[in-house]
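Reading through the structure tokens given below for one structure.
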Amino acid sequence: MVWGAIAYHRRSQLLRIVGNLNSNRYIREVLQPEAVPFLQSLPGAVFQQDNARPHTARIVKSFFAAQQVQLLPWPACSPDMSPIEHVWDVIGRRLARDPRPVASADELWVGTGMTKLGDIATAACGRCCGRVEGCKTTTKKDLAF
Numbered sequence: 001m002v003w004g005a006i007a008y009h010r011r012s013q014l015l016r017i018v019g020n021l022n023s024n025r026y027i028r029e030v031l032q033p034e035a036v037p038f039l040q041s042l043p044g045a046v047f048q049q050d051n052a053r054p055h056t057a058r059i060v061k062s063f064f065a066a067q068q069v070q071l072l073p074w075p076a077c078s079p080d081m082s083p084i085e086h087v088w089d090v091i092g093r094r095l096a097r098d099p100r101p102v103a104s105a106d107e108l109w110v111g112t113g114m115t116k117l118g119d120i121a122t123a124a125c126g127r128c129c130g131r132v133e134g135c136k137t138t139t140k141k142d143l144a145f
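Read in UniProt numbering, the sequence shown has 48 at position 48, and its numbers run on one by one without any break.
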């Protein structure tokens, strides 16, 4: 499995996760080393993640509260609204279109242009804030996915 995050003009490092991801591993291997520093570099950022079990565990919610990370409330069964899923789709279509092997997953991640990521983030802001209860985000630069 891989984990990555995008914001309007930024992307995180791409993390590789081998095996099952539980809430403790999510904190230790994703949130502490990558997600929280990424979010802290974006003043006023609101973080969106899906409702996978490791994301919604009490220990993870407590961790986010301790780190003062603001979360976007996320409705169940809403994959069409998840911008990172659109990024994975763009990468998948690129692989289907171009059969040449790539050197690494990082090449695909970095090769997805910032303009494309910005377009995805902009579209997501409108979709999310129009459908997520309690969303008060007013600009595309406030969201990190």
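Glycine included, C-beta positions come from ideal geometry on N, C-alpha and C.
Fill in: Under the three-state DSSP convention, the category Leu71 falls into
As a working note, residue 71 is residue 71 in the sequence shown. Of the three classes helix, strand and coil, the one that applies to Leu71 here is strand, per DSSP.
Worksheet item: If we ignore side chains and look at the alpha-carbon of each, how far apart do Leu14 and Asp119 end up?
Response: Translated into positions along the sequence shown, residue 14 becomes position 14. Translated into positions along the sequence shown, residue 119 becomes position 119. For Leu14 and Asp119, the distance between alpha carbons rounds to 20 Å.
Worksheet item: Is the segment 59 to 72 in contact with the segment 95 to 102, if contact means three or more CB pairs nearer than 8 Å?
Response: no
Worksheet entry | Through-space distance from Val90 to Ser41, alpha-carbon basis | On the sequence shown, position 41 is the one that residue 41 refers to. On the sequence shown, position 90 is the one that residue 90 refers to. Cα to Cα, the separation comes out at about 26 Å.
Worksheet item: Between Gln48 and Leu21, is the Cβ-Cβ spacing less than 8 Å?
Response: Mapped onto the sequence shown, residue 48 falls at position 48. Mapped onto the sequence shown, residue 21 falls at position 21. Going by C-beta atoms, Gln48 is not nearer than 8 Å to Leu21.
Worksheet item: Taking the alpha-carbon positions, what's the Pro54 to Val60 distance?
Response: Along the sequence shown, one-based indexing puts residue 54 at 54. Along the sequence shown, one-based indexing puts residue 60 at 60. One C-alpha to the other measures close to 7 Å.
Practice prompt. Classify Arg100 as helix, strand or coil using the three-state DSSP reduction.
Written response: Along the sequence shown, one-based indexing puts residue 100 at 100. If DSSP states are grouped into helix, strand and coil, Arg100 belongs with coil.
Discussion item. Taking 8 Å as the threshold (C-beta atoms), are Ala35 and Ala5 in contact?
Written reply: Translated into the one-based positions of the sequence shown, residue 5 becomes position 5. Translated into the one-based positions of the sequence shown, residue 35 becomes position 35. For Ala5 and Ala35, yes; Cβs fall inside 8 Å.
Practice prompt. Using the DSSP secondary-structure output, state which residues sit across from Trp3 in a beta bridge.
Written response: Taking the sequence shown and counting its residues from 1, the one referred to as residue 3 is at position 3. Note: Trp3 sits in a beta bridge opposite Leu15.
Worksheet entry | Cβ neighbour criterion (16 or more within 10 Å) applied to Pro83 | Stepping through the sequence shown from its first residue, residue 83 is reached at position 83. By the 10 Å Cβ count, Pro83 comes out buried.
Worksheet entry | Cβ neighbours of Ala105 in the same chain (closer than 8 Å, five flanking residues each side left out) | Mapped onto the sequence shown, residue 105 falls at position 105. Excluding sequence neighbours, Ala105 sits near Val2, Leu14 and Arg16.
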